[in-house]
Structures are given as C-alpha cells and as structure tokens.
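Q: Taking this note's numbering, the leading residue of the sequence shown gets 984, the next gets one more, and so forth. If you scroll down you'll find the structure; I have some questions about it.
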Amino acid sequence: MITILLAVVLPVLLLAVLAGAGYFLLVLPSRWRLPYEQSLALLDSDDRDELERADRLLGQAVNAGPRGRALDRIRFAQACARAMLGRYEPARYGAAATVIDELIAAEGRTADTAYLELWVQAQLKHHDRVTDLYAEHTALLDTRPQSRRIAAVSHLQLAVEHWRRRETDGALHHFDRVRELGELTDRIPPEVNDLQLVKGVQSVFDGRTEDAREAFTGARERAASRGLPTVEAELGVLVCDWADGDPAELDERLDRLGRQVADLPADDPTTGLLRTGVEVLRLVALVREWLGRPAESAAPGPSDVEELERRAAAVREADPDLGDAALVEGLVRYYFAAGQPEREQALDVLDKGRNLARGITLPEVLDLMERERALGDDGDALSRYLVLVSEFLDDPDRSAEDRAHYRRLKERFGQFGGAGDLDTTPVARQRAPHDDLRRRNEALRRRIELIVYPRLRDLAEDAPAKVALRALMEELEAASRVYGDGAEVLHRAEHKLITTTGEILLPEESDDQDRA
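Here you go:
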C-alpha cells in the first residue's frame, strides 16, 4: 500500500517542484526582464519620447518584483534614463539623484554609480557637492577620465563666485584645485596670481594693516611655492612695516628688493613699476632716517644732500614722468634753505616736478609755490618799496619836511632799480574819516610785511631788525588810535616805519659801499 502511495505522491511532488521552479526561474523573471531589455535598447536614443518610454518600462520592471543584483541593475538604468531626460526637463535631474541615493544606500557606491552621481550633481549645479564627491571618492572616479573635467568645471564655478564676492582666499583655493586636476587650466584668468596682492593693497588703503600683512605674507608663500618672484609680496610686507619699522632696517630691505628687481625681465611692464616703487620708498626712507636723528641736530650736511640727489636721480631714471622725486627733493631743499638763492633753487625743482606728466598735484605744495612766487625776491621788494614811497611823496597832507625825506629815499633806492611791472599810478589821497584811516593803516602794514619778507624770513624772532619792525608796527597802530588828537602823530609813525623798512632793505653800510 505504501509503495503504491509513494509511487503516486512522488511524481506529483516532483511535478510541483518543477512547476514552482519554472515559475520562479522563468515566469517571474520574464515579467521584469522583458521590459528591462526593451528599455536598454531605447536608452541609446536621444529622442525624448523613446527615453520617456524607457523610463516607463523600467518602472514596470521595478514593480515586477526583481530582487538583489537584478533590482540594482534596473534602478541604475532607471537613474540613467531620468538623468538623460533632464536635458528636456531639468526636474528629472532631481528624480535621478533620488534613485541614485537609494541605489547607493542599497548596494554601496561603485565606480558606475559614483560617476553617475557626480554627473547628475553637476547638472543640478550643486558645485560644492561635486567637489566634495570627487575629493572623497577619487579612487573610484579616476577610472573615468571625464570625472576630472567635471570636477574642474565645478571648481572654476566656485572660484568665480568667490571672486565676485571678493573672497580672495576661497577663489585662490578653487583655482589651485583646477591646476591640480590639470583640466581647463587655460580658463584661469592671468590676474588670479595677483588676487592676494590686490587684497593686501585694498587693506592698506582701508587702514587694516594686519589684514594687509596677512594677505601679502600669503602671496609671498604662494609665489615661493610655485617658483615665482616674491618681490611684489615682499614690497607689500615692507609697506605694512613702514610705520613702526626701523628706518635703517627698512633701507636694507629696500636695497635687497632693488637687487631682486634688477634680476627681473626688463621687458616685463611690471618690472618698471616695481623699480619705481622701490626707488620712491628708498628716497622717502632717507628722509625718515633724518627724522629719527636727535632733536635740534644740525641740518643735513653735504653728504646727506648728495645722497638725497642720488636717490632722487634714481627715481627720475626709473620713471622720468613721475613728480615724486621733485616733490621730496624740492620740499627738503625749501625747508632747509639757508637763504633766498637756495629757496629759489628749491622752487625751481618743484616747478619742474609740477610740469611732468604725472607731476606734483598736492594743493598745499602748489599753494606754497604760488605764494613764494608772489612774494618775489629782493628786486621785487625794492620795486614795491619805491611804489610805496612815491605814494607818500604825492600825499598832499604830508609836510614839506616829510616830502623832502621821501624824495631822498626815492632817489636813493631808484638807482638800484625801478618799479618794474608794478602799477606806479599815485593813489588819490583824501581826508578820510577815522574808520577809513584804520583800514588804510592795515593795508600799509600788509604792504610793509610783503616788502621785508624776503629779508626777514630767515632771521630769528629776536633779531634786531624784526624787533624794531614790530615796535614800529605797534607805534603805527597806537598812532592810528589817537589820530583824532592830530595827524602829526600818525604821520610821524608812518615816517619812522617807511624809513626803517628802507634800512632793512638797504643797510647804510651797503649804501656807502655802493656810492664808493
């Protein structure tokens, strides 16, 4: 009985097993394999409709219940289809990224999924994500040469964004990564190497010395690491140290920079600019060294002046159109002038600097030059004095004795020159009220000061001539206040003032020598 039962049951079980195996091995796989294989044929097309159909077929394949590696292959193909559809509908890039994330979570990251993820993130313009992915999975991605170019594009985009926001360090970081990748290096602007220098210069003008020093130091290290000249960065660091640095030590550093500049290519436009900058700083450093000397020390000696001329000549040789050399040399000569001839020489230097293409434009210096030229020299002072004496000589209110005195003064000074271009028309004198008289005396004071300025400017405050002139000015002021008591007091004060002014211009001993 048992034998009969086994003979009947075993074939039935065998058939059931074979049927189940056929169902799971043939029927079920055919439900996802057929749409999957059809979709693969469509993925080679660039036609949108065919790609849409491929995406639908892959969806059917996923819903058919594949498992394991089969499901992974279908999901990867689905991600590819949606990524390709992103060219027509950008939102599909996001759908592709979602599928890739699920796929990576299920099977881990492979060379294929890593590259597809990198490409999709680049299309989504997630450039930070792209650069991070490449840095984290370089070993996987380097199997696809195109991945380096994708990463380089993202680094370039990030560098430009940082540059536009004036974030120098960020821009330099990404440009450096592009160089390391060796892709698209021709897209890096030549100005990139100057970004840290530009940042340093801007910080100097903004008064942020420490930020400037940090930028220039970084530029120096960057140039040194790439085998490039460090002169510009060194010069920037020196400028940061300028305010508190020791003048002698700064001068030594400038000498070294000057030698480095001399080794640079002469045909490079930057070389000329650097040479000019170094020479200008060396000229100013000399003045700073003088400033550090003990108080009330002697004026610059012949050797100092010779060194000043040598450094000013070096600036002119570096840039003949720049007025800085004339500015420094002219002002030094002006303030240390021992007399009017040396002062005239200083003004001539300043004049030459003003007439250059990039000449002197400082309003204070131009105003100084105009005032000095307006004051004139001793000849101008004599001319002004003769005009003043002539006016007093023609004043009908003067006594005969006073007019005779003014006539003698005119004859005495007339032999040394005339009025020149000055207006000699006598000023009409009328009997004036007290207020007008005070204004007239103020004008007289100013004219006297203008006449004697070339002679008195270099004298000490306690010099006899200055003391006498101040006393007579005070006497004139007092006389104008008591004019109501009689004109004689005022005329006597004016008489003394005019006479003393003449003695300052032409002392008696000089007059005697001239007559002899």
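Cβ atoms here follow ideal geometry from the backbone N, Cα and C, with glycine treated the same way.
What first and last residue would you give for the alpha helix (DSSP H) that runs through Trp1273?
A: Position 290 of the sequence shown, counted from the start, is the residue given in the question as residue 1273. First-last of the alpha helix (DSSP H) with Trp1273: Pro1252 to Leu1274.
Q: Quick one: complete alpha helix (DSSP H) runs, 4+ long, within the region 1010–1067?
A: Fully enclosed alpha helix (DSSP H) runs of 4 or longer: 1011–1025 and 1031–1046.
Q: Is it the case that the Cβ atoms of Ala1105 and Ile1083 are separated by a distance below 8 Å?
A: Along the sequence shown, one-based indexing puts residue 1105 at 122. Along the sequence shown, one-based indexing puts residue 1083 at 100. Against a cut-off of 8 Å, the Cβ pair of Ile1083 and Ala1105 comes out as no contact.
Q: Thinking C-beta only, is Leu1116 closer than 8 Å to Leu1099?
A: Along the sequence shown, read from residue 1 onward, the residue named residue 1099 stands at position 116. Along the sequence shown, read from residue 1 onward, the residue named residue 1116 stands at position 133. Against a cut-off of 8 Å, the Cβ pair of Leu1116 and Leu1099 comes out as no contact.
Q: Could you tell me the boundaries of the alpha helix (DSSP H) in which Ile1133 lies?
A: Locating residue 1133 in the sequence shown gives position 150, counting from the first residue. Where Ile1133 is concerned, the enclosing alpha helix (DSSP H) stretches over Gln1129 to Arg1147.
Q: Tell me the DSSP secondary structure of Leu1305 in three-state form.
A: Working through the sequence shown from its first residue, we reach residue 1305 at position 322. It is a strand residue.
Q: Using only alpha-carbon positions, find the residue among Arg1075, Leu1310, Arg1056 and Leu1211 that is nearest to Arg965.
A: The structure shown does not extend to residue 965, since the chain is modelled only from 984 to 1499, so the question has no answer here.
Q: Determine, using beta carbons only, whether Ala1295 and Val1270 come nearer to each other than 8 Å.
A: Counted from its first residue, the sequence shown places residue 1295 at position 312. Counted from its first residue, the sequence shown places residue 1270 at position 287. Cβ atoms of Ala1295 and Val1270: not closer than 8 Å.
Q: Among all the DSSP beta bridges, which residues are the ones paired with Arg1341?
A: Locating residue 1341 in the sequence shown gives position 358, counting from the first residue. DSSP lists Leu1305 as partners of Arg1341.
Q: If you follow the alpha helix (DSSP H) that Arg1381 is part of, which residue opens it and which one closes it?
A: Taking the first residue of the sequence shown as position 1, residue 1381 is located at position 398. It is not in any alpha helix (DSSP H) - Arg1381 carries neither H nor E in the DSSP assignment.
Q: Is the region 1131–1141 touching the region 1156–1174 in the sense that three or more CB pairs, one from each, lie closer than 8 Å?
A: Yes, since at least three Cβ pairs between the region 1156–1174 and the region 1131–1141 fall closer than 8 Å, the two stretches touch.
Q: Where do the ends of the alpha helix (DSSP H) carrying Leu1218 lie?
A: Numbered from its first residue, the sequence shown carries residue 1218 at position 235. Its alpha helix (DSSP H) spans residues Val1214 to Asp1224.
Q: Let me check understanding here. Comparing Cα to Cα, which of Ala1044, Val1161 and Leu1155 lies closest to Val1181?
A: For this step, residue 1181 is matched to residue 198 along the sequence shown. Looking at the Cα atoms, Leu1155 is the closest of the given residues.
Q: Beta carbon of Thr1482, beta carbon of Ala1451: below 8 Å?
A: Within the sequence shown, residue 1482 is the residue found at index 499, counting from 1. Within the sequence shown, residue 1451 is the residue found at index 468, counting from 1. Not in contact: Thr1482 and Ala1451 (Cβ atoms no closer than 8 Å).
Q: My parser needs the alpha helix (DSSP H) runs of 4 or more residues fully inside the region 1153–1214; what are they?
A: For the region 1153–1214, whole alpha helix (DSSP H) runs of length 4 or above, ordered along the chain, are 1178–1188 and 1192–1208.
Q: Would Ala1044 and Ile1057 qualify as a contact pair, given that the criterion is a beta-carbon distance under 8 Å?
A: On the sequence shown, residue 1044 is found 61 positions in, with the first residue counted as 1. On the sequence shown, residue 1057 is found 74 positions in, with the first residue counted as 1. Cβ distance < 8 Å, so Ala1044 and Ile1057 count as in contact.
Q: Output yes or no for whether 8 Å exceeds the beta carbon distance between Ala1206 and Gly1183.
A: Residue numbering aside, residue 1206 sits at position 223 when the sequence shown is read from its first letter. Residue numbering aside, residue 1183 sits at position 200 when the sequence shown is read from its first letter. Contact: no.
Q: Roughly how many whole angstroms lie between the Cα atoms of Lys1335 and Glu1262?
A: Translated into positions along the sequence shown, residue 1335 becomes position 352. Translated into positions along the sequence shown, residue 1262 becomes position 279. Lys1335 and Glu1262: Cα-Cα distance of roughly 19 Å.
Q: For Gly1322, name the three-state secondary structure that DSSP assigns.
A: Reading the sequence shown from its first residue, position 339 is the one you call residue 1322. It is coil, neither helix nor strand.
Q: Can you check whether the CB of Gln1140 is closer than 8 Å to the CB of His1110?
A: Position 127 of the sequence shown, counted from the start, is the residue given in the question as residue 1110. Position 157 of the sequence shown, counted from the start, is the residue given in the question as residue 1140. Contact: yes.
Q: When the Cβ atoms of the region 1213–1220 are set against those of the region 1188–1199, are three or more pairs found closer than 8 Å?
A: Because the criterion of three Cβ pairs below 8 Å is met, the region 1213–1220 and the region 1188–1199 touch.
Q: Pick helix, strand or coil for Glu1444, following the three-state DSSP scheme.
A: Counted from its first residue, the sequence shown places residue 1444 at position 461. Of the three classes helix, strand and coil, the one that applies to Glu1444 here is coil, per DSSP.
Q: Am I right that Ala1329 and Gly1313 are in contact with their C-beta atoms under 8 Å? What's the rounded C-beta distance?
A: For the purposes of this step, residue 1329 is taken as the residue at position 346 of the sequence shown. For the purposes of this step, residue 1313 is taken as the residue at position 330 of the sequence shown. Indeed, because the Cβ distance is near 5 Å, the residues count as touching under 8 Å.
Q: Take the Cβ of Ser1373 as the centre, count every other Cβ of all protein chains shown within 10 Å, and call the residue buried at 16 or more, exposed below.
A: Numbered from 1 along the sequence shown, position 390 holds the residue referred to as residue 1373. Buried.
Q: Just how far apart, CA to CA, sit Asn1338 and Tyr1317?
A: Counted from its first residue, the sequence shown places residue 1338 at position 355. Counted from its first residue, the sequence shown places residue 1317 at position 334. The straight-line gap from Cα to Cα measures roughly 18 Å.
Q: When burial is assigned at 16 or more other CB atoms within 10 Å of the CB, is Pro1018 buried or exposed?
A: The count along the sequence shown starts at 1 and reaches residue 1018 at position 35. Buried.
Q: Locate the alpha helix (DSSP H) running through Arg1525, then write down its first and last residues.
A: With the chain running from 984 to 1499 in the structure shown, residue 1525 is simply not present.
Q: Whole angstroms are fine: how far does the CA of Asp1445 sit from the CA of Lys1479?
A: As a first step, residue 1479 must be located in the sequence shown, where it is residue number 496. As a first step, residue 1445 must be located in the sequence shown, where it is residue number 462. Going by the C-alpha atoms only, they are around 20 Å apart.
Q: At the level of alpha carbons, what is the spacing between Arg1453 and Leu1392?
A: Against the sequence shown, residue 1453 aligns to sequence position 470. Against the sequence shown, residue 1392 aligns to sequence position 409. Whole-angstrom Cα-Cα distance: 21 Å.
Q: Taking the C-alpha atoms as reference points, what is the distance between Leu1221 and Ser1286?
A: The residue given as residue 1221 occupies position 238 in the sequence shown. The residue given as residue 1286 occupies position 303 in the sequence shown. Their Cα atoms are separated by approximately 26 Å.
Q: Could you check if Thr1344 is buried or exposed, using at least 16 other CB atoms within 10 Å of its CB as the buried criterion?
A: To locate residue 1344, count along the sequence shown from 1; it is residue 361. Exposed.
Q: From which residue to which residue does the alpha helix (DSSP H) around Gly1069 run?
A: In the sequence shown, residue 1069 corresponds to position 86, counting from 1. Here Gly1069 belongs to no alpha helix (DSSP H), and DSSP marks it neither H nor E.
Q: When you compare the CB positions of Ala1024 and Leu1041, do they come within less than 8 Å of one another, or not?
A: In the sequence shown, counting from the first residue as 1, residue 1024 sits at position 41. In the sequence shown, counting from the first residue as 1, residue 1041 sits at position 58. It is not a contact, given that the beta carbons lie outside the stated cut-off.
Q: Where do the N-terminal and C-terminal ends of the alpha helix (DSSP H) with Gly1228 fall, by residue?
A: Counted from its first residue, the sequence shown places residue 1228 at position 245. Per DSSP, Gly1228 belongs to no alpha helix (DSSP H) and is neither H nor E.
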